[in-house]
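Take a look at the structure below.
Numbering (the UniProt record's numbering), first residue to last: 1 to 96.
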């Protein structure tokens with residue numbers, strides 16, 4: 001599934017503030033852990049106020065080879081919807 005696919009979007013991901021308690025953790029995984037999951041984590045980090053370059057660097061520090069050129073282009077164009085800034089979220093994240 002590519003980032004431009006209609007089913008591959010923040011709107012269909014379970015990363016909105018409505019279903020996540022402020023102190024809880026969210027695990028995101030795909031088959032290899034190098035494509036779709038890192039993109040969704042990058043989107044969450046961008047939603048928390050991080051620049052896309054910093055989000056990608058943070059992820060790649062933990063997952064060498066994560067996020068291909070097409071996905072990077074998608075993240076560069078992505079605009080935050082500020083969903084994770086609601087409901088008392090402290091805007092903190094740990095990428096493992």
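Think of the CB as a built atom: it goes at the ideal place given N, C-alpha and C, for glycine as much as any other residue. Computed from a predicted structure; not experimentally measured.
Item                                                                                                                            : Value
Can you tell me where the alpha helix (DSSP H) holding residue 105 begins and where it ends?                                    : Outside the shown range of the chain (1 to 96) lies residue 105, about which nothing can therefore be said.
Out of 54, 78, 35, which one is the CA nearest neighbour of residue 65?                                                         : 35
Does the separation of the CB atoms of residue 71 and residue 39 fall below 7 Å?                                                : yes
On the DSSP letters alone, give me the boundaries of the alpha helix (DSSP H) that residue 99 sits inside.                      : Because the chain here runs from 1 to 96, residue 99 falls outside it and cannot be looked at.
Could you give the first and the last residue of the continuous alpha helix (DSSP H) run that contains residue 56?              : 52 to 62
Relative to the alpha-carbon of residue 76, which residue among 43, 29, 58, 31 has its alpha-carbon at the smallest distance?   : 43
Am I right that residue 59 and residue 80 are in contact with their C-beta atoms under 8 Å? What's the rounded C-beta distance? : Their Cβ separation, rounded to whole angstroms, is 17 Å, which puts residue 59 and residue 80 out of contact at 8 Å.
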